[in-house]
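Engineer: Shown below is the structure under consideration.
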Amino acid sequence: MALLPNAVPMRWASGPLEIAKRGKTDGFTPQNKQTLERFHDPASLDILKDSPIDCLLLSWAAGLPEDAAQQKSAAALVAAARQRNLAVAGWVEGTADHAAAIAAARAAGLVAVAIQDFKGQTDFPVIPWGERGKMPWDAPGPLLAATGNVWPGVTVPGFGDSAGPTRVPWLDSNGWFLQMARARVRKPLWLMFDPPAKGRIITAANYQTAICDAEIAGGRWVISLDETVRAGLTEGNAPARETLKQIGAAIAFFDKHADWRTFRSLGILGVVSDFTGDNFDMSGEILNLAARQNLQFRAIWKSQAMAQPFTGLKALIYADKAAPEAPLRRKMMAFTEQGGLLITGPKWDPEGTPTDPGFDTQFTVRTFGKGRLAVAKDELTDAFQVAVDAQFLISHANDLVKVYNASSSGCTLVMGSPDGKRALVEVLAFATARVYGPRTVWVREKYRGASLWSIGAAEPVRIEPMPADEYFGVECRVPASVPGYFALEFEV
Amino acid sequence: MKVTRREFMAGAGAAGLGLIQPARLRATAPTAPVAIAKCADYGTGFLSATEKLFDQLGGMGRLVKGKTVTIKINLTGEAGMRQEHFSAGRTSWTHPRTVGTIVHLLDKAGARRIRVVEGAWVWAASLEEFMYKANWDARLVLGAAPRVELVNTNLPYRGRKPYTRFPVPNGGHLFPAFDLNTVYAESDVLVSLAKLKQHDTAGITLSMKNCFGCSPTTIYGDKVPTDEPSPIPYGGRNQIGHSGSRQPPKSAPPEKDPTSPRQAGYRIPRFVADIVAALPVHLAIVDGVETIAGAELPRPGYTKMVSPGVVLAGTNCVTTDAVGAAVMGFDPMAERGTAPFEGCDSTLKLAEDLGVGTRDLKRIEVIGVPIQQARFSFPEHLGPRPAFGGRRSQ
């Protein structure tokens, strides 16, 4: 048995090591301990019957005294999993001895181990993992795993996850990071994050949002269940089983559309950066907040920027502290001269003729050739304001898509197939408690026909785009019955 | 919402404290004719209908020739909101083609310069950019005449004195004066290009209520500083306009009587009456070709798109709105407690009290299509109104 690139992993929290780690946290109860013990029992695998989940990610070594007991006691679970064609991978962390962990994994029949900063040599599959700001992008391995992610959803302190018209919610999403990562590496990327431990009821819709947030950006969440669902599953209760069923439905939907992973952003904004250290913090957050502005973007790694055409882009943001190398600078200025907009930090020679941007902005704007150069008056410190200013400078006249009656706390991605014959608009609402009315999707291009896909619908709904009433482009009417996530696949 | 006797007395006292003498002013409130036309579409139908209306009013040349004309449109609420799938121009907003048409006709009538203005909701950039966000092609408005400008009046006026003070003649009900964007001070002729629709708080919103949006949210908006206007808008007009939970910055005139009722149904009609008294509307155009019924904005479950197929115009905002209310099936002489003013005071009456114009249909000449033939009865209620956290609008 091998680890498949399209595996559907679940964080399988169980056993003595997990009990030792979690036992040190506040609020750990005897019931939590019992659940961890029950999940270590091979019989617990029954909960995965009829589920697309086919890979268990088991805590394997953490440099704790319980490592040996974990590995020994997992033997029965691993054997039972193999009998059910379930792959088991081990999670190695802390001060664990990497070589010993690999040897134990090989002996136990695991398909891989995930290790941070693995420096050794082995023919055993090792999944490199790292904090998302310090990812081992170039490390060998069948896939990459990232930690330090967020639970996707709306955060309004004290107000649950319902975004309303009278307050501005904060929206947590991992989509920007995945889009950035997908621009860097082609191998599968697993996202590690858990549901909030306290203070929230996690619904099936919340789980689906977490899956959608990762999948539409080309990543895969290592499914991690909250204590209530886990306990419910071991007791066979219906709501917990239904939640797992809904999780499976979301995964199955995206597996059915695996070809969408080959689609690429049609974004009009390119964010050029080395996405490392402070530059990761600033440019990453610009990506995150550009998405909140409904700005369709492409992450452009500085190391790849010379080889990538800027075709289709209306604007570039270069917010790295250090100036780019001369060839890249020339390329960006040529983009500007030919009609593009370049938005930079303050350390950029002010070339061109000053012009009025039409609103108060942190940038001095100059015309340069056929385009514009926007140079920050001071150091860039507020990524939100950069994203807002970028949106105004680029102008909504260049929008690719608009969604009416959508949640203000949502995201929209516009992508194209490699052959250019299909375009994909994916809309995800993060406010899962909201009741949606009829939504309308406007797209700039005059696409002919569209298929409306949503999780749970057996077949797509055929949509005939209609000319927009007040503008160019076409509009698609999405019925009110369609849930928070949907995709429109257009024939170009 | 009902006004308690204490609130009523406080309100009456507030009126008494000022210079208003309602009975005298009401009796002498000016009148002006209102023209009505049937109109089924926003294309050539709207052009020919408004051309005819303007002719019936004596031609626009006498009003706008050689003048700077400011057209206040209505883009209330967020750009992403729709009544079902209908574009906002067909329901709660001024339709973009009506803007282009009116700009074209006023230019043809000899206007020297035309400015299309709106205080776009919590919007820190240009009105042109808001239009693009709303999926309007701003070029169609800008290109409808040679000298057209777009101004977001929710920002300080650029390049000159940002705000100008407009006293309310006869003292005002709520405010003695307003600090408004200086674009209004540079205007010779103000056109209120409004929609024929109902309003959650004020009962109806036509050419007068449209002018609520003339108040800049950098001064009359939520979260503004205590002393000075904010540089950009931070919110709607709840705190100062609706609830009265705070005063405008000290740079602007405060309310006449901060002990008056803190109730939107009391405050908004007075705010609107004061503002149309301070900032006279010279031409009121009310688009009822297509609109929304039930409220001023889409409210799932109790608003719907309707097609009254009518346009009104007049040179007095009170007479025009009185006729508009009658076209909607309401009695413009109605008092608080009677539709459409079930939960509020009558803006028509309050403006009349300030001497802006008469609401008495017996004193208003109606030209063109008679009211009875133009009537499209709006429902008093389409359903239970949901508790709504505070988004209010023009």
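First to last, the sequence lines map onto chains A and B. Residues 0 to 491 (numbering that gives the first Met the number 0) are what the first sequence spells out, left to right. Residues 0 to 393 (numbering that gives the first Met the number 0) are what the second sequence spells out, left to right. Every residue gets a Cβ at the ideal spot worked out from N, C-alpha and C, and that includes glycine.
1. Whole angstroms is fine: what's the gap from A196(A)'s alpha carbon to E226(A)'s?
2. What does the Cβ neighbour count give for P339(B), buried or exposed, with the cut at 16 atoms within 10 Å?
3. How about A110(B) and V150(B): are their beta carbons less than 8 Å apart?
4. Where in the stretch 195 to 276 of chain A do unbroken runs of the beta strand (DSSP E), each at least 3 residues long, occur, reported from the N-terminal end onward?
5. By the criterion of Cβ-Cβ separation under 8 Å, what are the contact partners of E425(A) in chain B?
6. Can you give me the start and stop residues for the alpha helix (DSSP H) that A457(A) sits inside?
7. Could you check the C-alpha separation between A31(B) and T314(B) for me, to the nearest Å?
8. Quick one, which of G44(B), S125(B), W92(B), P21(B) has its alpha-carbon nearest D553(A)'s?
9. Is it a yes or a no for the stretch 301 to 315 of chain B touching the stretch 215 to 226 of chain B, going by three-plus beta-carbon pairs under 8 Å?
10. With a threshold of 16 other CB atoms inside 10 Å of the CB of I215(A), please say whether the residue is buried or exposed.
11. Measuring only between beta-carbons, confirm whether P437(A) sits less than 8 Å from chain B.
12. Is P127(A) helix, strand or coil by DSSP?
13. Tell me whether the beta-carbon of G234(B) lies closer than 8 Å to the beta-carbon of T258(B).
14. So, at 6 Å on beta carbons, what are the nonlocal neighbours of A143(B) in its own chain, with the 5 sequence-adjacent residues on each side left out?
15. Assign P331(B) to buried or exposed, taking buried as 16 or more other Cβ atoms, counted over all protein chains shown, within 10 Å of its Cβ.
16. By the three-class DSSP mapping on this structure, what secondary structure does F165(B) have?
17. Quick check for students: name the residue ranges of the alpha helix (DSSP H) that lie wholly in the stretch 77 to 114 of chain A, counting only runs of 4 or more.
18. In the structure shown, what three-state DSSP assignment does Y396(B) receive?
19. Per DSSP, what kind of secondary structure is D160(A) in: helix, strand or coil?
20. Whole alpha helix (DSSP H) runs in the stretch 61 to 101 of chain B with 4 or more residues, listed along the chain?
21. Would you please verify whether the beta carbon of E128(B) is less than 8 Å from any beta carbon of chain A?
22. List, in order along the chain, the chain A residues whose C-beta lies closer than 7 Å to that of N134(B)?
23. Is it the case that the Cβ atoms of A325(B) and L347(B) are separated by a distance below 8 Å?
24. Apart from the five residues just before and just after R83(A), which ones in its own chain have a Cβ nearer than 8 Å to its Cβ?
25. Per DSSP, F117(A) is paired with what?
26. Could you work out which residues of chain B lie near R476(A), taking near to mean beta carbons separated by less than 7 Å?
27. 8 Å is my cut-off, CB to CB: does F375(B) come that close to chain A?
28. Could you pull the DSSP bridge partners for G313(B) from this structure?
29. Near I52(A), which residues of its chain fall below 6 Å by C-beta distance, leaving aside the five closest residues on each side in sequence?
30. Give, in chain order, every unbroken run of the alpha helix (DSSP H) that is at least 4 residues long and sits entirely within the stretch 283 to 369 of chain A.
31. Using the rule of at least 16 other Cβ atoms within 10 Å of the residue's Cβ for burial, across every protein chain shown, is A386(A) buried or exposed?
32. For M80(B), would you say it is in contact with chain A, using Cβ-to-Cβ distances shorter than 8 Å as the test?
33. What I want to know is whether the C-beta of G58(B) ends up closer than 7 Å to one or more non-hydrogen atoms of the ligand GTP.
34. Contact criterion: CB-CB distance below 8 Å. Does I101(B) meet it with respect to chain A?
35. DSSP puts E425(A) in a beta bridge; with which residues?
36. Buried or exposed: which applies to P323(A), given that a residue is buried once 16 or more other Cβ atoms fall within 10 Å of its Cβ?
Structural biologist: Taking the geometry as given:
1. 8 Å
2. It counts as buried.
3. no
4. 268 to 272
5. By Cβ distance, chain B contributes nothing, its closest Cβ being about 17 Å from E425(A), past 8 Å.
6. Unbroken run through A457(A): none, as it is neither H nor E.
7. 6 Å
8. Shown here, chain A extends from 0 to 491; a query on residue 553(A) therefore has no answer.
9. no
10. buried
11. yes
12. strand
13. no
14. G99, V102, H103
15. buried
16. strand
17. 97 to 107
18. Residue 396(B) is absent from the model: chain B starts at 0 and stops at 393.
19. Because D160(A) sits at a pLDDT of 47, beneath the cut-off of 50, its placement in the model cannot be relied upon, and the following sentence gives the value as read from the coordinates. If DSSP states are grouped into helix, strand and coil, D160(A) belongs with coil.
20. none
21. yes
22. Result: K401, W441, A467, E469, Y470.
23. no
24. L44, L47
25. Looking at the DSSP assignment, F117(A) forms no beta bridge with any residue, so it has no partner.
26. Chain B residues near R476(A): H84.
27. no
28. V33(B), A283(B)
29. V7, M9
30. Within the stretch 283 to 369 of chain A, the complete alpha helix (DSSP H) runs of at least 4 residues are 301 to 304, 325 to 336.
31. It counts as buried.
32. yes
33. The ligand GTP is not part of the structure shown, which contains no ligands of any sort.
34. no
35. Assignment of beta-bridge partners to E425(A) by DSSP yields L412(A), A486(A).
36. buried
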